[in-house]
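See structure below.
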Amino acid sequence: MNNAKILIVDDEPQIRRVMRATLVARGYVVSTARSGEEALEKVREERYDLVLLDINMPGIGGMEACRSIRSHSDIPIVILSIRNSEKEKVEALDAGADDYVTKPFSMPELLARIRAALRRAPLLSPNTPELLNLGKTVINFAARRVTVDGTEVRLTPKEFDLLRYLASNPDVVIPHAKLLQAVWGPDYGDEVEYLRVFINQLRKKIECDPSHPSYLLTEPWVGYQLSLTNRT
Amino acid sequence: MKVNFGDEFGPASAAYPRKAQGCRQADQEVEQGLEIFVVFTDGPGTGVALQTAGELAQELRGHIRLFVPFEVPYTLPLNRPPVALEFLEGKIRNMAYKSRLDVAAQICLCRDKRRALKALVGPESLVVVGGKKRWWPTAAQKLARQLDRDGRHVIFAELR
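If you read the protein sequences in the order shown, they are chains A and B.
Counting in numbering that gives the first Met the number 0, the first sequence runs from 0 upward without gaps.
Counting in numbering that gives the first Met the number 0, the second sequence runs from 0 upward without gaps.
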């Protein structure tokens, strides 16, 4: 995801300039904002894949901006701060930040943290439809609701994330390792049995005949796909 | 203690917690969400299996049932195991307590562990077996393979 759109929010022009140059050189598309208010405006107007947010800024400040962004968006937020206390870190993470980097930081570390945050970003892919109709099963991704024949079916958060990831890449076989890393995190990759169990559970919940699935298909030894070709 | 014996196996006791009291067999259990079975292999292996089952139970909104199949030799009556049931119960209670999970545990006295499990754990059930992985299969690996062949969804929790 090296063409990801990143919003840098910092009141110091020098830091903005250095970070912009580094990130652009790595292939990222970069926008900048000088204050929390400007950042909120930009996030409302445009879709970003990640926000790098400074804490100490005039105006509403980074913490408040973080809370406001998180109240309506799932964009990964990486906080940049000179404060190194546990209290500050806890407060920032509780405000909705995904990571906390203390200044001064090294560029390789920041880039690694950006990559780590973006690895989880495919779940929030703009390709995910808001509503998916699979015959009798209707999935509302925005409301996180699934109904089968008009009856609501409860999916666990993990089941829902898995379904959402598959739906964002319909009719494409997604390898086991990629699915595991996208849904469970970068530490996973070999736990194919986990996937089998979750896919099985999903089939029981959304397929009319779970033993002969029409939508959640297995590609033996490779992965799984959400097939939309059998829709009625 | 209520004991329910057949010729080959029988659930002997409910060890921990209150949920397991009454010695219900798996197939008599009213399904309340997904049931995740953990089969006792040895202390450390079962500890890892319980951890994995705990994660799964959280992510799938399931509940954990720990099965402890205890083989009684044919030279002894099935209801007279060579180890006192109270001792086994104490061990299992301790293990369940240490795992800090809501576990319904059940000791099952049997002649053959695999046959007992085949009868007590329904087909397509989710089973977690824990133990070491070796190039030459360990007892836990063999048990997991057997359960898999019998149509259970098996997750092998590796003890490192």
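Glycine is no exception: its CB is placed at the ideal position from the N, C-alpha and C atoms.
- When the beta-carbon positions are compared, residue 67 of chain B and residue 107 of chain B come within less than 8 Å of each other.
- Between residue 170 of chain A and residue 226 of chain A, the CB-CB gap stays under 8 Å.
- With its beta carbon at least 8 Å from every one in chain B, residue 168 of chain A lies outside the interface.
- Secondary structure note for residue 105 of chain A: it is in no beta strand (DSSP E), with a DSSP letter that is neither H nor E.
- For residue 83 of chain B, the three-state secondary structure derived from DSSP is coil.
- Within the segment 41–86 of chain B, the runs of alpha helix (DSSP H) at least 4 residues long that lie entirely inside it are, in chain order, 42–59.
- Of the residues A:128, A:160, A:52, the one whose Cα lies closest to the Cα of residue 179 of chain A is A:160.
- For residue 104 of chain B, the three-state secondary structure derived from DSSP is strand.
- Excluding five sequence positions before and after residue 138 of chain B, the CB atoms of its chain that fall closer than 8 Å to its own CB belong to 40, 130, given in chain order.
- A distance below 8 Å separates the beta carbons of residue 156 of chain B and residue 127 of chain B.
- For residue 152 of chain B, the chain A residues whose C-beta falls within less than 8 Å of its own C-beta are 192, 195, 196, 199, listed in chain order.
- Taking 8 Å as the CB threshold, residue 228 of chain A stays off the interface with chain B.
- Taking all protein chains in view, the Cβ of residue 26 of chain A is surrounded by fewer than 16 other Cβ atoms within 10 Å, so the residue is classified as exposed.
- Close partners of residue 204 of chain A in chain B (Cβ separation under 7 Å) are lacking, with about 11 Å as the shortest Cβ gap.
- Within the same chain, 147, 205 come within 6 Å of residue 136 of chain A by CB-CB distance, once the 5 residues on both sides are set aside.
- Contact residues of the segment 55–71 of chain B toward chain A are 55, 58, 59, 60 (C-beta to C-beta distance below 8 Å).
- The closest CA to that of residue 65 of chain A, considering only A:44, A:11, A:97, is found on A:97.
- At a cut-off of 8 Å between beta-carbon atoms, residue 41 of chain A makes no contact with chain B.
- Taking 8 Å as the CB threshold, residue 49 of chain B stays off the interface with chain A.
- In this structure, the alpha-carbon of residue 198 of chain A lies about 20 Å from that of residue 63 of chain B.
- Within chain B, the residues placing a beta-carbon under 7 Å from that of residue 155 of chain A are 58, 59, 60, ordered along the chain.
- Annotation for residue 83 of chain A: no alpha helix (DSSP H) segment contains it, and DSSP assigns it neither H nor E.
- The straight-line gap separating the alpha-carbon atoms of residue 152 of chain B and residue 195 of chain A is approximately 8 Å.
- For the set A:208, A:61, A:218, A:128, the Cα lying nearest the Cα of residue 51 of chain A is the one of A:61.
- Residues of chain A with a Cβ closer than 8 Å to the Cβ of residue 33 of chain B are, in chain order, 200.
- Its chain contains 77, 78, 79, 80, 108, 109, 112 as the residues whose beta carbon lies nearer than 8 Å to that of residue 100 of chain A, once the 5 sequence neighbours on both sides are disregarded; these appear in chain order.
- Excluding sequence positions up to five before and after residue 41 of chain A, its CB lies within less than 7 Å of the CB of 6, 30, 32, all in the same chain and listed in chain order.
- Between the alpha carbons of residue 229 of chain A and residue 222 of chain A lies a distance of about 19 Å.
- The DSSP-derived three-state label of residue 139 of chain A is strand.
- Residue 94 of chain A is not a Cβ neighbour of residue 114 of chain A, given a cutoff of 8 Å.
- In this structure, residue 154 of chain B sits near residue 51 of chain B, with a CB-CB distance shorter than 8 Å.
- DSSP lists A:139 as the bridge partner or partners of residue 144 of chain A.
- Ranked by how close their Cα comes to the Cα of residue 117 of chain B, the residues B:147, B:133, B:102 have B:147 in first place.
- One alpha carbon belongs to residue 74 of chain A, the other to residue 47 of chain A, and they sit about 7 Å apart.
- Of all residues in the segment 107–136 of chain B, only 123, 125 come within less than 9 Å of chain A when Cβ atoms are compared, listed by chain position.
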